[in-house]
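Residue numbers (this note's numbering): 10 to 220. Ideal Cβ placement from N, Cα and C applies to all residues, glycine included. In what follows, a single structure is set out as structure tokens and then discussed.
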């Protein structure tokens, strides 16, 4: 494909018009009652009674999974006592990704992060209208219920869990699973993008959509 600057100005203008038209259609086809909130947390472990949230990110999509906005990616400060108590897997994974250092440097409490995330969500989605969307989202919901209850209550009580679709696809259409590629960086924003891409994959190869 030729670099953009090698095209004539008329072609460039046409491409920009198509892009803006597509973007406008995505915004117009969604409303604060139909948009979806995608969320991912990184935690110090999987113990919902004792472990802590260390990172949160959110993305807003329309109901066709087009990304409309990305929320703030926020690290929650935790003490060295908490961080040093993580198991070997979490210590290695979050250390290699740089998340542990970001958590140490962060000045934000869980309550700060909760309010900043809510401030973003309220600009895009009405309270209790979007299910909580993501992968294995029940686990995230348990942590939010304990540590960020106001944020958890902002969602509808239903979940849109991509991992449920994955379990069905593995059993009913195992031949499609080899085509699914995930980055699995275990950084919150990257994991959300993975989840959205994964659901798009199932929409194309697993669900039968009427044309």
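Within the same chain, Cβ atoms closer than 7 Å to the Cβ of residue 119 are found at 62, 85, 156, 157, the five residues on either side in sequence being excluded. The Cβ neighbour count for residue 163, taken over all protein chains shown within 10 Å, is at least 16; the residue is labelled buried. When DSSP states are grouped into helix, strand and coil, residue 168 belongs to the strand group.
For residue 156, the enclosing alpha helix (DSSP H) covers residues 146-156. Residue nearest to residue 160 within the set 98, 121, 41 is 121 (criterion: CA-CA distance).
With 16 or more other Cβ atoms from the protein chains shown falling within 10 Å of its own Cβ, residue 142 counts as buried. For residue 45, the enclosing beta strand (DSSP E) stretches over residues 45-52. By the CB criterion at 8 Å, residue 68 and residue 217 fall outside the cutoff. Of the other Cβ atoms in all chains shown, fewer than 16 fall within 10 Å of the Cβ of residue 187; this residue is therefore exposed. Counting C-beta atoms within 10 angstroms of its own C-beta, residue 55 has fewer than 16 neighbours from the protein chains shown and is therefore classed as exposed.
Counting only the Cα atoms, residue 81 lies some 21 Å from residue 165. About 4 Å separates the Cβ atoms of residue 71 and residue 39, confirming a contact at the 8 Å cut-off. Residue 44 places its beta carbon less than 8 Å from that of residue 77. A residue is called buried once 16 or more other Cβ atoms fall within 10 Å of its Cβ, and residue 175 is buried on that count.
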